[in-house]
Each structure stands twice: as structure tokens, then as C-alpha cells.
Amino acid sequence: MASRDQFNSRLGFILASAGSAVGLGNIWKFPFEVGAGGGAAFVMIYLFFAFVLCFPVMVAEIAIGRKTKLNPVGAFKALGFKRWAIVGYMGVAAGFLILSFYNVVAAWAFGYFVQMVLGNFEIGKAFGEFTKDWLTVGSYALIFMGTTAYVVSRGVSNGIEKAAKILMPTLLIFVVGLVIYALNLPNAMEGVKYYLSPDFSKITGEVIYKALGQAFFSLSLGMGALITYGSYVSRKTNIVTAAATITLVDVSIAFLAGLMMFPFVSYMTGGDLVAMKEVSGGAGFIFQVLPSVFQSLGGGLGVVIGAAFFLLLSFAAFTSTISLLEVPTAYMVDEKKIPRKKATWIVAIIIFLIGVPSMLSQGSVDWLTNFVQLPGMDKSIDFMSFVGLVANDTFLPLGGFLISIFTAYVWKKKNFNEEIAIGAENSNGKFLQLYVDIAISYICPLILGVITIVTIFKTYMGIDILGLY
Ligand code: PHE
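Here the sequence shown is numbered in our numbering, starting from 802 and rising by one per residue.
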């Protein structure tokens, strides 16, 4: 058997994993969750979850991957616990589901890039029509999935790592440039104020749950994406400091995305707080609002800034779709012994097809558009939002909870600590190591367990077991 592909360098691994983490979650989802969840109050809860709960789970995932050198299903099996492979299967399933709709939103972003280049700023007002037009969206989605599959089919060092090394630095330059630009627009500071002053009255059980889901989603955790990437990491890499770097990069980019988006909105609404609140809380936020912001910058400049923004969004999405596709692909390669190229294309086609109902659920097919109304919801949600609810908001925190229990009590802390000590011999991450040790055994299982169980009862059965809502 050919030896397993590996990341060529520590930096390559960090860039690829940060690429997985930084995505639509940071630039599309985070700002509207902030808008809906009380501005800075949401940001604070999100930061707390990211550092306190998610970072240790990330260390655990990478350690499980590197120890076993396998996909999530194989990894749990290889550590000798067949039953726990169910967590791996859940991860692979989440990979299918998340990528199926993620690719659709990525297609919107890419489609908008094209519209910006053409100078069509009216597209902001036509967001509903654009997303409803499944043929156009489907074509962009096909291009996006095809390009993703091409990179993944080339393997880890030749495909994934190379792409990340080009895309991530470019993305960083774009983000910083756009933030500076946005902060210098008229009324920018009103937007910053809204973004950074907390409204604690908005914090409900639901907002806390959303912040947790957002932290897991944004850090690509709970479904084995980092078990998979971890399986390609060399034993010279310090897992704890690498995970800390990835977490920091991801959180910073989300924070910067807010720092760009709220000034943009504030500029457009003339600093009017009420109007800002109105436009910033929904999934269409950036797609509806930003084109008119770019338009008001005037023809040429608007095209440049608008195209830059949506290209940035597409790049961010791209390094994430790559990692989402890599999880089921690695499963097919390791477990089913299918050659990588073939495995990649098979999985990509299946996921694209699973995404079709999501494309159709944006207004073109009625029953998919009003797909389901769960107990406690005041209106029905479309198929795409439903998949998001199940895959991101439920599977990921649940996966994180199970991974932390597995690591501390099944695989056992001794083995876990041995693994993270490799590559960390003469390093300065000792304090973090100590924290991870405590967090993975007590803090993560406890908090993740409580929140996940409470919200599963509430969301799917309408039962509020702790009376928090
Ligand atoms: N972290 C990615 C984002 O924020 C999404 C993602 C989730 C990627 C899970 C891989 C695994 O957009």
C-alpha cells in the first residue's frame, strides 16, 4: 500500500485547518447571528464557547486523527471501540448534509461575485428571485462542487495544502483591506457601537444555543473534519499550539467580518440604529444589503470593492467545502478502499444531488419552501434551514460532547495526554495542555451535555426541561 499522504509542513496544516474553519460561517453567518442575537452580548457568549469549550475539543479531534491516521469512522474503531464508530458515522453524515447546503450558499456568493463584476448592483433587491432561480444557482453550485472535487481528488499535499497556501494569505489581505475601508466610511462608528455594545436583554436560551452551534460550526468541530485533517499531521507538530492558532485565526476573522459588516450597514442606513437592527438579523443580510452599499460608492469603485468582497466570500467558502468533502472522501478511501480520485467524484456527485432540494426550497417548490414547523417555532422553515438545524445546530454540539467523553473516559486521558505530548517536547504550550486536560474531562462534557440535551428536547419536542426559555 502506498504510504499515507501528509501535510508537508506545520504551516501547511495550520493554513488548511484555518481554511476549513474560516468560511461562510464567519463572514455570512456570524454577522447575522450577531444582528439577531443582541450585538456584543452574542459576541461575548460566542467567544466564551470558542475558547473554553471548542478549543479543547479541537485538540482532542486532532489527537485522535494523528494517533490513528484514519478517517473518523476508522479512527474510533482503531482505538479499539467499535461502538464509538457511530460518532464517526454521524460525522460523515454531517459532512454530507452540511456540504449539501453549504455548497448552495457558496454558489450564491460566487454568483454574486459575477454580478458585481458585471456591475449589476440591483441584485441586492432581487435576492429572493436570485435564490429562487434554481437553474442559475444550480449551475454555480455545479461549478463550485466541481472545483472543490478537483482539489480534493489531487490529495492532501498536492491539492488541499497547495490551495490553502494560496487562498488563505489572499483572504487575509482582502479582509484587512475591506475592514480598513469600511471603518473609514461615514457613520462607520455608529455601526461599530452597535456591534460592540451588548444588549443583554436579548440573551435567551435560544441565543445561547445559537452561539454554541455557531462556535462549533465556525471552528469545523464535532464532525471529524479535524480528525481527518489531523490524520495527515506529522508527529513533529505541537497539536495544542496548532489548535490554539487555528482557533485564534478563526475567531479573529469572524470578529473582523463584523467590524466590516456593521460599518457597511451603518453607512447605508445613515447610522440609524433601528434600521440597522432591522436589516441585520436574517440569512439574506449581506446579500441584500451589501450590493446597495457598493452601488453608492459609485460605478468603478463599487465594482472593485463589491467584486473583492464576494470573491473573498467565495475563497473563504472554498477552503471549507474542500474540508467538508475530504471527510466522506477519506472514509471511502480508508474504509471502502476506493481510489481517491474515484471516491472524491462519487461523493461529490451524491452530495450535489442531496443539495438539489435545498436549491428548490428557496421559493420554487412550495412544500420544500414551507418544509416543517417544529414545536416552539412560530412559522415553518424551509428544507435548507431544516438541514442546517439538524446538521449544524444539533449534530455538531452533540458530536463535540461525545468526542470529549470518548477522549477523557474511553480512550482515556493518559493516552490522550501522551499523544499531545508528542511534538510538544520543548514547547511553551504547557499551561494550555493543563487546561485542555481539565476541560476535556469536566468542563466540556458537562456544559456541552446540558446545553445539547436541553435544546434537543426543546427544539424537536417542544419540552423545556430546565425552564430556561
Ligand atoms: N467552519 C466552516 C465555516 O465556518 C464550516 C464547516 C463546518 C467546515 C464543519 C467544515 C466542517 O464556514
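No residue lacks a Cβ here, since even glycine has one placed at the ideal position from N, Cα and C.
- In this structure, V1237 sits near P857, with a CB-CB distance shorter than 8 Å.
- By the C-beta density criterion, M1061 is buried, having at least 16 other C-beta atoms within 10 angstroms.
- The beta carbons of F1018 and L1197 sit closer together than 8 Å.
- When secondary structure is reduced to three states using DSSP, V1173 falls in the strand class.
- Of all alpha-carbon atoms in Y982, G813, I1040, S810, the one lying nearest the alpha-carbon of A1225 is that of I1040.
- When DSSP reads this structure, G840 sits in a beta bridge with P999.
- Checking the DSSP bridge columns, you'll see I1182 partnered with V1173.
- Cβ-Cβ distances below 8 Å link N827 to S1019, D1051, I1054, A1055, A1058, A1117 in the same chain, with the five nearest sequence neighbours on each side left out; the list follows chain order.
- With a threshold of 16 other beta carbon atoms within 10 Å, P832 meets it and is buried.
- Annotated as distal: C855 and L1114, with beta-carbon spacing of 8 Å or more.
- Pairwise C-beta distances place the segment 1183-1193 in contact with the segment 1153-1167, as three or more of them are shorter than 8 Å.
- Going by DSSP, A964 is part of the alpha helix (DSSP H) stretching over 962-984.
- I1152 is classed as buried because its beta carbon has at least 16 other beta carbons within 10 Å across all chains shown.
- M1178 is the residue among M1178, I1206, I1223 whose C-alpha sits nearest the C-alpha of M1262.
- In this structure, DSSP gives E1226 a state outside helix and strand, which the three-state scheme calls coil.
- E834 sits buried, since 16 or more C-beta atoms from the chains shown fall within 10 Å of its C-beta.
- By the criterion of a C-beta distance shorter than 8 Å, G839 is surrounded in its chain by P999, D1000, F1001, S1002, K1003, I1004, V1008, once the five residues flanking it on both sides are discounted.
- Taking non-hydrogen atoms of the ligand PHE into account, the C-beta of L825 is found less than 7 Å away from one of them.
- Excluding the 5 residues flanking it on each side, D1194 has same chain C-beta neighbours closer than 6 Å at G1014, in chain order.
- With respect to G925, S1093 sits close: the two C-beta atoms are nearer than 8 Å.
- If you ignore the 5 residues before and after I815, its C-beta comes within less than 7 Å of the C-beta of A1043, T1046, I1047, all in its own chain and listed in chain order.
- Excluding the 5 residues flanking it on each side, S1032 has same chain C-beta neighbours closer than 8 Å at R805, G866, R867, T869, K870, L871, N872, A876, A1131, in chain order.
- Using a Cβ-Cβ distance cut-off of 8 Å, the segment 1238-1245 and the segment 1209-1223 are in contact, since at least three pairs of beta carbons, one from each stretch, lie closer than that value.
- Uninterrupted alpha helix (DSSP H) stretches at least 4 residues long and entirely within the segment 862-905 occur at 873-879, given in chain order.
- For a cut-off of 8 Å, the C-beta gap from L1235 to F914 is around 45 Å, too long to register as a contact.
- Checking the 7 Å criterion, the Cβ of F1018 is within range of a heavy atom belonging to the ligand PHE.
- Y996 places its beta carbon 8 Å or farther from that of F1088.
- The beta carbon of P1158 lies closer than 7 Å to those of L1169, F1184 in the same chain, with the five residues before and after it left out.
- Setting aside the 5 residues that flank it on each side, M845 is surrounded in the same chain by P999, each with a C-beta closer than 7 Å to its C-beta; the list follows chain order.
- In the three-state DSSP reduction, T1005 falls in the coil class, being neither helix nor strand.
- Judged by their CB atoms, Q1096 and V957 are not nearer to each other than the 8 Å cut-off.
- In this structure, L825 and A942 do not form a Cβ contact; the two beta carbons are roughly 13 Å apart against a cut-off of 8 Å.
- Counting along the chain, G1101 sits inside the alpha helix (DSSP H) bounded by residues 1100-1137.
- A residue is called buried when at least 16 other Cβ atoms come within 10 angstroms of its Cβ; F928 meets this threshold and is buried.
- In the three-state scheme derived from DSSP, where H, G and I count as helix and E and B as strand, P1158 is classed as helix.
- At a Cβ-Cβ threshold of 8 Å, E862 and I1204 count as neighbours.
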